[in-house]
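Report on one structure; see the data block that follows.
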Amino acid sequence: MADASKANPQSAERLGYLGLGLMGTPMSRRLLKAGYQVTVWNRSEGKVAPLVEAGASRSLTPRDLLASSDIAFMCVTDAAAVEEVIFGPDGLAAASGAGKLVVDFSSIHPDAARDLAKRLKDTNGAGWIDAPVSGGTKGAEEGTLAIMAGGEAEDIERVRPYVLAMARRFTHMGPIGAGQTTKLCNQVIVGCAMAVLAEATRLAVNAGIDANRLPEALAGGFADSIPLQLFVPRMAQGIHSPPLGHIATMLKDLDTVADVAQATSTPVPMASLAGQLFRLAKAARGAEADALEIYKLSAETP
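Set out below in structure tokens:
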């Protein structure tokens with residue numbers, strides 16, 4: 499079925515996408531460009547219209563979306579938003595879910611993913627895959643996301659062709675919750691990288707060298723990385739629109755890291771410090787500011 503759906507999108511399963519934010523909109527567009535039938539839903543109507551113009555169908559409620567879809571993808575802000583989409587008025591749980599799958603791209607606590615999956619299965623029979631993403635808005639637009647998944651192996655293979663229309667890599671990490679745990683490991687690395695690269699960029703600027711040339715100068719060395727190449731020029735040039743991700747999102751993930759670390763007796767001193775720096779950035783720059791504005795914490799006061 500997977501091969502056939504890639505070769506002939508018209509014979510593929512019906513897809514839905516809930517949550518048309520920074521990630522959901524470009525990911526939905528990639529499904530449409532691949533030729534798939536996509537129904538979309540979002541709490542604010544303004545984000546729906548451009549996708550309808552691009553060929554998507556509009557659903558008025560999450561319940562209606564699941565009723566008209568075989569696989570429902572979802573990317574919303576946090577666990578409370580996921581809960582609302584599933585179990586709120588006219589939520590996914592109100593539709594029959596037998597034989598259907600919900601694929602959650604949101605980043606939430608692994609325990610929340612397991613709880614929501616069980617409750618949904620008990621309520622309407624729908625299956626669940628937790629599949630948080632990494633790669634930011636740039637990766638969503640270019641289809642180069644890395645997606646780490648938790649769920650049943652047969653469910654993973656069922657959705658693989660559709661996910662790979664939106665991502666470069668789709669890795670099955672284990673049972674439900676494993677995708678979210680893997681994303682936390684990712685956020686330890688990314689959150690600390692943002693904090694460290696902000697320090698390096700500020701050091702370059704304060705010492706009188708061109709921070710914009712750091713990616714070129716360090717390319718191929720041990721310090722080279724995708725974050726170095728992508729984040730440093732944006733920090734140095736003050737490019738924060740569109741944001742690669744919000745400060746509040748990174749802070750939420752690092753707070754979840756701290757919670758899981760405590761539950762598993764795992765020392766995370768670097769991630770804990772990064773979390774506190776992002777908490778300062780939230781107070782100074784605002785929750786919806788680009789996460790890379792952590793760099794501005796060390797700016798001299800005029």
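For the sequence shown, the positions run 499 to 800 when this note's numbering is used.
By construction, the Cβ of each residue, glycine as well, lies at the ideal position given by its N, Cα and C atoms.
Under a three-way DSSP split, which group does residue 701 fall into?
-> helix
Alpha-carbon spacing of residue 689 relative to residue 658, whole angstroms = 28 Å
Who are the near neighbours of residue 749 in its chain, counting only those whose CB is closer than 7 Å to its CB and skipping five residues on each side?
-> 773, 776, 777 and 780
Skipping 5 residues on each side, what residues in its chain have a beta carbon closer than 7 Å to that of residue 540?
-> 517, 518 and 546
In terms of alpha-carbon separation, which member of 569, 742, 605 and 752 lies closest to residue 786?
-> Check the Cα spacing between residue 786 and each of 569, 742, 605 and 752: the tightest is with 742.
Quick one: what's got a C-beta closer than 6 Å to residue 585's C-beta in the same chain, skipping five residues either side?
-> Closer than 6 Å at the Cβ level, and outside the excluded window around residue 585, lie 591.
Among 680, 667 and 557, which one has its Cα closest to the Cα of residue 758?
-> If we check each option's Cα against that of residue 758, 680 comes out closest.
Measure the C-alpha to C-alpha separation of residue 651 and residue 602 and round it to an integer number of angstroms.
-> Here the alpha carbon of residue 651 sits roughly 16 Å from the alpha carbon of residue 602.
Identify the continuous beta strand (DSSP E) that holds residue 733 and give its terminal residues.
-> Run containing residue 733: none in the beta strand (DSSP E); it sits in the alpha helix (DSSP H), 724 to 735.
Identify the continuous beta strand (DSSP E) that holds residue 572 and give its terminal residues.
-> 569 to 572
Are residue 675 and residue 751 touching if we call contact CB-CB under 9 Å?
-> no
Cβ-based neighbour list, residue 709, same chain, cut-off 6 Å, excluding 5 preceding and 5 following = Beyond the five residues adjoining it in sequence on each side, residue 709 comes within less than 6 Å, by CB distance, of 699, 702, 703 and 734 in the same chain, given in chain order.
Segments assigned alpha helix (DSSP H), at least 4 residues, entirely inside the region 752 to 794 | Counting only runs of 4 or more residues that sit fully inside the region 752 to 794, the alpha helix (DSSP H) segments are 767 to 783, in chain order.
Selected residue, minimal CA-CA separation from residue 598, among 621, 783, 530 and 554 | Cα-wise, what sits closest to residue 598 is 621.
Taking just the CA atoms, how far does residue 642 sit from residue 664?
-> Their backbone Cα atoms lie some 7 Å apart in a straight line.
Can you have a look at residue 661 and say buried or exposed, based on whether 16 or more other CB atoms are within 10 angstroms of its CB?
-> buried
Taking the continuous beta strand (DSSP E) assigned at residue 515, which residues delimit it?
-> 513 to 516
Under a Cβ-count criterion, where at least 16 other Cβ atoms within 10 Å of its own Cβ denotes burial, should residue 544 be classed as buried or exposed?
-> exposed
Quickly, what does DSSP pair residue 602 with across the bridge? List them, please.
-> 572 and 628
Please go through the same chain and pick out, in chain order, the residues whose beta-carbon is closer than 7 Å to the beta-carbon of residue 770, but skip the five residues on each side of it.
-> 756
Of the residues 553, 697, 718 and 747, the one placed nearest residue 536, counting alpha carbons only | 553
To which residues of the same chain is residue 623 closer than 6 Å at the C-beta, ignoring the five residues directly before and after it?
-> 595 and 596
Under 9 Å between C-beta atoms, does residue 695 make it to chain D?
-> Among the protein chains of the structure shown there is no chain D, as only one such chain exists.
Same chain, Cβ closer than 6 Å to residue 514, five either side skipped, listed in chain order = The answer, listed in chain order, is 537, 563, 567 and 570.
Determine which residues share a DSSP beta bridge with residue 645 and list them.
-> 631 and 668
Euclidean distance between Cα positions of residue 506 and residue 530 = Any answer about residue 506 is weak, because its pLDDT of 48 lies below 50 and its placement is not dependable; what the coordinates show is given next. For residue 506 and residue 530, the distance between alpha carbons rounds to 13 Å.
Nearest-angstrom Cα separation, counted from residue 534 out to residue 524 | For residue 524 and residue 534, the distance between alpha carbons rounds to 14 Å.
For residue 713, which of 615, 520 and 731 has the nearest alpha-carbon?
-> Of the listed residues, the one whose Cα sits closest to residue 713 is 731.
CB-CB under 6 Å to residue 504, same chain, minus the five flanking residues each way: which ones, in chain order?
-> Low confidence applies here, because residue 504 scores a pLDDT of 48, under 50, leaving its location unreliable; read the following figure in that light. Result list for residue 504: 659, in chain order.
6 Å Cβ shell around residue 605 - same chain, five flanking residues per side excluded | Taken in chain order, the residues that qualify are 630, 681 and 751.
Quick one: Cα of residue 558 to Cα of residue 512, how far?
-> 17 Å
On the three-pair Cβ rule with 8 Å, is the region 573 to 583 touching the region 610 to 618?
-> Under the 8 Å Cβ criterion, the region 573 to 583 counts as touching the region 610 to 618, having at least three qualifying pairs.
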